[in-house]
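*Asks:* Dumping the structure here so I can ask a few things about it.
2 protein chains.
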Amino acid sequence: QGAAYGAPPPATNDPMYGYFTAIAGQDGEIDADELQRCLTQSGISGTYTPFSLETCKIMIAMLDRDHTGKMGFNEFKDLFTALNGWKQNFMMFDRDRSGTVEPQEMSQAVSAMGYRVSPQALNVIIRRYSKNGRVYFDDYVACCVKLRTLTDVFRRRDTMQQGAVSFQYDDFILCTMSI
Amino acid sequence: QGAAYGAPPPATNDPMYGYFTAIAGQDGEIDADELQRCLTQSGISGTYTPFSLETCKIMIAMLDRDHTGKMGFNEFKDLFTALNGWKQNFMMFDRDRSGTVEPQEMSQAVSAMGYRVSPQALNVIIRRYSKNGRVYFDDYVACCVKLRTLTDVFRRRDTMQQGAVSFQYDDFILCTMSI
Chain L
44 QGAAYGAPPP ATNDPMYGYF TAIAGQDGEI DADELQRCLT QSGISGTYTP FSLETCKIMI
104 AMLDRDHTGK MGFNEFKDLF TALNGWKQNF MMFDRDRSGT VEPQEMSQAV SAMGYRVSPQ
164 ALNVIIRRYS KNGRVYFDDY VACCVKLRTL TDVFRRRDTM QQGAVSFQYD DFILCTMSI
Chain Y
44 QGAAYGAPPP ATNDPMYGYF TAIAGQDGEI DADELQRCLT QSGISGTYTP FSLETCKIMI
104 AMLDRDHTGK MGFNEFKDLF TALNGWKQNF MMFDRDRSGT VEPQEMSQAV SAMGYRVSPQ
164 ALNVIIRRYS KNGRVYFDDY VACCVKLRTL TDVFRRRDTM QQGAVSFQYD DFILCTMSI
């Protein structure tokens, strides 16, 4: 009957809502430190090392279009969905559960996600996100977060879908320094 | 008399040349791991924590126009000059040598370096490079490296100095994912 007065907040039935609100408190928003705790408690990293604060910061920036540095529950759920997808991709390559994949495998994953980048850009990406010739889960996710954010930034400006966009200096700095 | 046959390589008189070549070896180039060792041995961080591998990677990207992921001695010297400048700025604010400065002070430093960014962009920058309300030396330098790299990227494309540039998608990704 309550439905007659509008649907209940969808969040209340959600198992994730509990630990999100416990950390978010009254304002219902979390910052990067709190996101790190949320993600660690959620166990999404599984046997992998929990996410670094660095990666949590750019995760927030990815969904933070109003630049408040905070994330609400709906954005948290969007992030969770994205993370599960990236984790599945990563685990597909990390068959021995070493916590790392080959740089070439990250390159394959980037292409498989539908990003059309040149071999030169792929090389730059691989070098940036690998350590001692391996890609760790946290760096892999950081790469996915940045690539998605930058591609979103580009698409939102490329309204005519011409494959080219124009930036004012301040807009360029704002978009690229946040991640 | 040797000068009659051309000037000696300028590097040989340089006190930094010794430890650079010791690490660079025959090819005369260093990658991010090697740069981290060079900078640590050079003592440029002084009493501050040595630079993270993350920061060393973007230092290389800053000067690496041909995207090889390596740095020669001349670029290393350019980097050293830039680092000394940033360190002096940082120390000016870090009067008690705590190794950190206030976020507002980083904002002042960014403006003092001549970057014209909006208050909104400054806020994003401050949040991105501070931890628990403080800015550490390594993060401060990472911020300076990124800001210089992105501004260079912009300027090189803004040949008419109109304050606006156009990017193709792949070029945009290549420039922004490398740092």
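First to last, the protein sequences are chains L and Y. Take the first sequence: its letters are residues 44 to 222, numbered as in my numbering. Take the second sequence: its letters are residues 44 to 222, numbered as in my numbering. Cβ coordinates follow ideal geometry from the N, Cα and C atoms, glycine included.
Mind checking if V188 of chain L is an interface residue toward chain Y, Cβ cutoff 7 Å exclusive?
*Replies:* Not an interface residue.
*Asks:* Please tell me whether T83 of chain L has its Cβ less than 7 Å away from any Cβ of chain Y.
*Replies:* No, T83 of chain L does not count as interfacial toward chain Y.
*Asks:* Distance check for N56 of chain L and C218 of chain Y, CA to CA, integer angstroms please.
*Replies:* So the two alpha carbons sit approximately 43 Å from each other.
*Asks:* Name the DSSP bridge partner or partners of F215 of chain Y?
*Replies:* Looking at the DSSP assignment, F215 of chain Y forms no beta bridge with any residue, so it has no partner.
*Asks:* Taking the alpha carbon of L193 of chain Y as the point to measure from, which residue in Y:V208, Y:M114, Y:L96 has its own alpha carbon closest?
*Replies:* Comparing Cα positions, the closest option is Y:V208.
*Asks:* I168 of chain L versus chain Y: which residues are under 7 Å apart at the beta carbon?
*Replies:* Within 7 Å Cβ-Cβ: M220.
*Asks:* Would you verify that the beta carbon of Q211 of chain L is, or is not, closer than 7 Å to some beta carbon of chain Y?
*Replies:* True, the Cβ-Cβ gap to chain Y drops below 7 Å.
*Asks:* Output needed for A46 of chain Y: all residues of its chain with C-beta closer than 7 Å, excluding positions within five of it in sequence on either side, in chain order.
*Replies:* Residue placement at A46 of chain Y is flagged as unreliable, the pLDDT there being 45, under the threshold of 50; the coordinate-derived value follows with that caveat. Once the five neighbours on either side are set aside, A46 of chain Y has no close Cβ partner at all.
*Asks:* Please list the terminal residues of the continuous alpha helix (DSSP H) segment that includes S37 of chain L.
*Replies:* Look at the range of chain L in this structure, 44 to 222, and you will see that residue 37 of chain L is not part of it.
*Asks:* For G71 of chain L, I'd like the list of residues in its chain whose CB is within less than 8 Å of its CB, leaving aside the five on either flank, ordered along the chain.
*Replies:* T64, G115, F116, listed in sequence order.
*Asks:* Am I right that I168 of chain Y and M102 of chain L are in contact with their C-beta atoms under 8 Å? What's the rounded C-beta distance?
*Replies:* Contact flag wrong, Cβ pair sits at about 18 Å.
*Asks:* Where do the N-terminal and C-terminal ends of the alpha helix (DSSP H) with V196 of chain L fall, by residue?
*Replies:* Unbroken alpha helix (DSSP H) run through V196 of chain L: 180–200.
*Asks:* Could you have a look at T64 of chain Y and say whether DSSP puts it in helix, strand or coil?
*Replies:* DSSP places T64 of chain Y in helix when its eight states are reduced to three.
*Asks:* So, are the CB atoms of V160 of chain Y and I216 of chain L less than 7 Å apart?
*Replies:* Yes; because the gap between Cβ atoms is below 7 Å, this pair is in contact.
*Asks:* Pull the bridge partners of M114 of chain Y from the DSSP assignment, please.
*Replies:* DSSP, once it has assigned bridges, lists Y:I73 as partnering M114 of chain Y.
*Asks:* Which residue comes first and which comes last in the alpha helix (DSSP H) that contains M102 of chain L?
*Replies:* Start and end: 96–106.
*Asks:* Compare the Cα-Cα distances from T90 of chain L to each of L:D76, L:F133, L:T124 and report the closest residue.
*Replies:* Minimum Cα distance to T90 of chain L is reached at L:F133.
*Asks:* Does the pairing of the segment 117–133 of chain L with the segment 180–189 of chain L give three or more beta-carbon distances under 8 Å?
*Replies:* They touch, by the three-pair rule.
*Asks:* Quick one, which of Y:K113, Y:L126, Y:D182 has its alpha-carbon nearest P146 of chain Y's?
*Replies:* For P146 of chain Y, the nearest C-alpha among the options comes from Y:D182.
*Asks:* What is the DSSP secondary structure of T143 of chain L, counted as helix, strand or coil?
*Replies:* T143 of chain L: strand per DSSP, three-state reduction.
*Asks:* Alpha carbons only, please: which of L:F180, L:S150, L:L78, L:D74 is nearest the one belonging to S141 of chain L?
*Replies:* With distances taken between Cα atoms, S141 of chain L lies closest to L:F180.
*Asks:* Give me the DSSP bridge partner(s) of A207 of chain Y.
*Replies:* Paired residue(s): L:Q211.
*Asks:* So that I know if they touch, is there some Cβ in chain Y lying closer than 7 Å to that of Q44 of chain L?
*Replies:* Here Q44 of chain L scores only 41 on pLDDT, less than 50, and its place in the model should not be relied on; the value that follows carries that caveat. False, the Cβ-Cβ gap to chain Y never drops below 7 Å.
*Asks:* Give the DSSP-derived three-state secondary structure of R177 of chain L in the structure shown.
*Replies:* Reduced to three states, the DSSP call for R177 of chain L is strand.
*Asks:* Name the chain L residues that come within less than 9 Å of F197 of chain Y, Cβ to Cβ?
*Replies:* Within chain L, the residues near F197 of chain Y are F210, Y212, F215, I216.
*Asks:* Take E148 of chain Y as the anchor and find which of Y:Y172, Y:H110, Y:R108 has the nearest alpha-carbon.
*Replies:* Taking only the C-alpha atoms, the option nearest E148 of chain Y is Y:Y172.
*Asks:* Where P212 of chain Y and Q163 of chain L are concerned, what is the direct C-alpha to C-alpha distance, given to the nearest angstrom?
*Replies:* According to the sequence shown, residue 212 of chain Y is Tyr rather than Pro. In a straight line, the C-alpha of Y212 of chain Y is about 13 Å away from that of Q163 of chain L.
*Asks:* Can you tell me where the alpha helix (DSSP H) holding R170 of chain L begins and where it ends?
*Replies:* Element bounds for R170 of chain L: 162–171.
*Asks:* L193 of chain Y versus chain L: which residues are under 9 Å apart at the beta carbon?
*Replies:* What L193 of chain Y touches in chain L: F215, I216, T219, M220.
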